[in-house]
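Just so you know, the protein sequences line up as chains A and B, in that order. Mapped onto my numbering, the consecutive letters of the first sequence carry residue numbers 1 to 239. Mapped onto my numbering, the consecutive letters of the second sequence carry residue numbers 240 to 497. We treat Cβ as the ideally placed atom computed from N, Cα and C, and that holds for glycine. Have a look at the structure below before the remarks.
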Amino acid sequence: MGIYSWAWTGLQIDFKSLQNSGGYIADFISRLFPPDLSILDVAWIKLLETIQMSLWGTTIGAVISLPISILSASNLAPWWVRWFANFVQNVVRSIPSIILGLIFVAATGLGAPAGTLALGIYTIGYLGKFYQTAIESVDLYSLEALQVSGASWFQIAQYGVMPQIMPSLWGYTLYMFEYNIRAASVLGVVGAGGIGFELVNYIRGFEYNKATTMMLVLLVVVTAIDIISSQLRRRLEQQ
Amino acid sequence: MSEIDRDSLSPAIVCHQVVSQAKITNRPVLDGINCEIKRGEFVAILGLNGAGKSSLLRSMAGLLPLKSGQILVNNVSVTPDTLKQARQPLAMLFQGGGLIPQLSALDNVLCGRLSAFSGWQTLQGFPQRERRMGLELLDRLGMAEFANQPTRQLSGGQQQRVAIARALIKSPQILLADEPVTGLDILAIQQVMQILADLHRSGMTIVTVLHDLGLATTYAQTGIIVDQGRVAYHGPSQNLGQEFDQLCDKVDHQLIKY
């Protein structure tokens, strides 16, 4: 209770302005309809770009996350390596995706490459932690059994850890891909490519009906990918 | 005296003033353990929960860092620097098997041979000769038909038999077993204990942590009772029942006092 009331004071809610806000929201929403379907082709192209960004961003992030997670895992790495690897993870995780977008836009200019790199780094913050948890939840006895049998560190990783974490690794990575499609849409706001770029341009230009089309297309694709990836994940869990 | 003669006379495992502390609480888990396990002996380690019996077994395999004292396996001191050599004559069974659930029974067995190959070699899988050896072992333990099944699909007793095959592929002289039958059904318990008895008859030294007094007196020659990190009894297994009653009386008295 104490925590909630403490959090409440921080919000500084002005009830008078809240009363008026209903009308503004209703007005904004009414102007979104009907969707302008004439830009459907543009929407699809931008959407594909978003998916491509997410695919590459997730892959780059996953490849970097794997070694970092191994170095962060309490059952594989000594404490000082772990401390450093966890620190790297925390640094990456504390940078908002928008800021990463701005950094890479400054580095590579406007467009999809900046967004893809931003997603790649952003992904490390999450997949690093997910992978680490997966590695740490590996059955301790199974690793000790390999230790006693004289297996080397590398062999324990290959035969003991990898088979046990692969199903959840794929599951987490799929989830991240799904999540990154949404994150990529946000990155467009700072000019890092993808569907968000067009979306924000339409809203700034008061072309709300076109923005609606963009959001609808995004909704359809996010839903479709969610269904596909949750089925894939279910199949992985059964393995 | 030649090396082999000395080896056959010396004890399999010697613990001398072994002390080990829990990592976080600093509470002594092993508090000055002294014991000697003879070659070819079948030893059961018993004790109440938290007495330190599993810790004692784990320390023998070098899985538990010692604060002080010494453990010798085949005359080799178990220290971080000598682990590879000290573990060479050892194999270990764990509660529940400690298998890699996603790998097939055969691959799990082959994992017991990883030390014979370099990481680069095992990256490409195991040679045919090893696979045959693994299959033979599974066959001996009545598990040949499950060789290619992921072990998570096997029952607890079957998993423990795969784990035994994994231990045996190393041709160990000493088999350490940490509660190998806990959680198994009656038939599986008998099967696993019978396998241990057979291995003992063939000359292997067996050291196993057990919860069941009856199993200990039936199968083991020697019993060790661990209480509060110390050896409370070490002698013929027939006396285990009597000794355990005394221990429980002592604990009861303590409980009444509080």
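Item                                                                                                                                : Value
Inter-stretch contact (C-beta, 8 angstroms, three-pair minimum) for the region 314-324 of chain B and the region 108-122 of chain A : no
Entirely enclosed alpha helix (DSSP H) segments - the region 401-488 of chain B, minimum 4 residues                                 : 425-440 and 452-458
Where the alpha helix (DSSP H) through A:Pro67 begins and ends                                                                      : Leu40 to Ser72
C-beta neighbour in chain B for A:Pro167, strict 9 angstroms                                                                        : yes
A:Pro167 beta carbon near the ligand GTP (any heavy atom closer than 8 angstroms)                                                   : Among the components modelled here there is no ligand, and therefore nothing to report on the ligand GTP.
Where the region 330-341 of chain B meets chain A: residues whose CB sits under 9 angstroms from a CB there                         : Ala330, Met331, Leu332, Phe333, Gln334, Gly335, Gly336, Gly337, Leu338, Ile339, Pro340 and Gln341
Which listed residue (B:Thr421, B:Gly289, B:Pro411 and B:Leu414) has its alpha carbon closest to that of B:Gln398                   : B:Thr421
Where B:Leu329 falls: helix, strand or coil (DSSP)                                                                                  : strand
Residues within the region 126-142 of chain A neighbouring chain B, beta-carbon criterion of under 8 angstroms                      : Asp139, Tyr141 and Ser142
B:Leu380 - containing alpha helix (DSSP H), residue span                                                                            : Neither: B:Leu380 is in no alpha helix (DSSP H) and is coded neither H nor E.
Short Cβ contact (9 angstroms threshold) for B:Leu376 with A:Ser149                                                                 : no
Alpha carbon of A:Gln132 to alpha carbon of B:Lys277, nearest angstrom                                                              : 43 angstroms
Extent of the continuous alpha helix (DSSP H) run through A:Ile195                                                                  : Ile195 to Arg204
A:Ala224 - DSSP class collapsed to helix/strand/coil                                                                                : helix
Spatial neighbours of B:Met217 in its chain, beta-carbon cut-off 8 angstroms, leaving aside the 5 residues before and after         : The structure shown has nothing for residue 217 of chain B, since chain B only spans 240 to 497.
Closer than 9 angstroms to chain B by CB, A:Glu144                                                                                  : yes
Within 9 angstroms, strictly: CB atoms of A:Ile181 and A:Thr50                                                                      : yes
A:Phe87, enclosing alpha helix (DSSP H) - first and last residue                                                                    : Trp79 to Arg93
Given 8 angstroms, three or more beta-carbon pairs between the region 39-47 of chain A and the region 194-209 of chain A            : yes
C-beta neighbour in chain B for A:Tyr159, strict 9 angstroms                                                                        : yes
Residue(s) in a DSSP beta bridge with B:Val253                                                                                      : B:Glu275 and B:Leu311
C-beta atoms of B:Pro328 and B:Gln412 nearer than 9 angstroms                                                                       : yes
Beta bridge counterpart(s) of A:Ile156 as assigned by DSSP                                                                          : The partner list for A:Ile156 (beta bridge, DSSP) is empty, contrary to what the question assumes.
Any C-beta of chain B under 9 angstroms from that of A:Ile81                                                                        : The sequence as given places Val at residue 81 of chain A; Ile does not occur at that position. Chain B contact via Cβ: absent.
Cβ-based neighbour list, A:Ala192, same chain, cut-off 7 angstroms, excluding 5 preceding and 5 following                           : Gly101, Phe104, Val105, Ala114, Gly115 and Ala118
Positions along the region 305-327 of chain B whose CB lies within less than 8 angstroms of some CB in chain A                      : Lys323, Arg326 and Gln327
Listed by chain order, chain B residues near A:Phe87 by CB distance under 7 angstroms                                               : Going along chain B, no residue has its Cβ under 7 angstroms from A:Phe87, so there is no contact; the nearest lies around 22 angstroms.
Stretch-stretch touch, CB-based, cutoff 8 angstroms, three pairs: the region 434-454 of chain B with the region 280-291 of chain B  : yes
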